[in-house]
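Reading through the structure tokens given below for one structure.
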Amino acid sequence: MGTKAMASNYQRARLEELPGLEGMLKETSMANKTVIVTALNAAWATDDSVIDLFLESFKEGDGIAHLLNHVLIVTLDQTAHNRCVEIHHHCFHLETEGVDFTGEKFLLDITFLSA
């Protein structure tokens with residue numbers, strides 16, 4: 001089996017570990033398979049927060065509103081997911097065991113590094 005086939009099998013196995021992700025990626029991808037991905041947790045999911053600014057920037061930008069159809073928001077907790085489905089149509093909830101992504105983490109802080 002060649003390297004390319006092995007990589008493809010590995011990718012398929014990883015996608016099977018995340019039910020629904022493959023379909024969501026196909027649904028949001030452009031013709032060239034590009035997807036714009038961002039992550040969202042409860043700390044950034046409140047009204048008038050960074051996620052609202054992020055999505056609004058696509059609407060306000062010159063000729064880029066169509067790119068919103070290709071934005072996939074990966075939610076890291078239930079609060080973020082609930083907010084995501086209120087404001088956007090491509091949300092994927094990533095469930096993790098043993099890691100709490102709900103709170104704000106500062107870069108290089110021990111809680112950020114352990115997450």
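Per UniProt numbering, the sequence shown starts with residue 1, numbered consecutively.
Glycine is no exception: its CB is placed at the ideal position from the N, C-alpha and C atoms.
Treat the numbers as computed from the prediction; the structure is a model and nothing was measured.
Practice item. Report the three-state DSSP secondary structure of Ile64 (helix, strand or coil). Key: Taking the sequence shown and counting its residues from 1, the one referred to as residue 64 is at position 64. DSSP places Ile64 in coil when its eight states are reduced to three.
Point to revise | Helix, strand or coil at Ala45 [DSSP, three-state] | key: The residue you call residue 45 lines up with position 45 of the sequence shown. Ala45 falls in the coil class under three-state DSSP.
Check your understanding: When DSSP builds the beta bridges, which residues end up paired with Leu72?
Key -> Sequence index remark: in the sequence shown, residue 72 carries index 72 (1-based). According to DSSP, Leu72 bridges with Val37.
Check your understanding: Is Ala39 closer than 7 Å to Val74 when the C-beta atoms are compared?
Key -> Residue mapping note: residue 74 aligns to position 74 of the sequence shown, counting from 1. Residue mapping note: residue 39 aligns to position 39 of the sequence shown, counting from 1. Cβ atoms of Val74 and Ala39: closer than 7 Å.
**Study point:** Nearest to Thr46 (by Cα), restricted to the options Ser29, Phe92 and Asn82
**Key:** Residue mapping note: residue 46 aligns to position 46 of the sequence shown, counting from 1. Considering only alpha carbons, the answer is Asn82.
**Study point:** Neighbourhood of Ala80 by C-beta distance below 6 Å, restricted to the same chain and skipping five residues each side
**Key:** Working through the sequence shown from its first residue, we reach residue 80 at position 80. Once the five neighbours on either side are set aside, the close Cβ partners of Ala80 are Leu40, Asn41, Ala42 and Ala45.
**Study point:** Thr28 classed as buried or exposed, judged by whether at least 16 other C-beta atoms fall within 10 angstroms
**Key:** Here the question's residue 28 lines up with position 28 in the sequence shown. Buried, since its Cβ has 16 or more Cβ neighbours within 10 Å.
Point to revise | Contact set for Phe58: own chain, Cβ-Cβ below 8 Å, skip 5 residues either direction | key: For the purposes of this step, residue 58 is taken as residue 58 along the sequence shown, with counting starting at 1. Hits under 8 Å: Ile64, Ala65, Leu67, Leu68 and Val71.
**Study point:** Bounding residues of the alpha helix (DSSP H) (the contiguous stretch that carries His81)
**Key:** Sequence index remark: in the sequence shown, residue 81 carries index 81 (1-based). Per DSSP, His81 belongs to the alpha helix (DSSP H) from Gln78 to Ile87.
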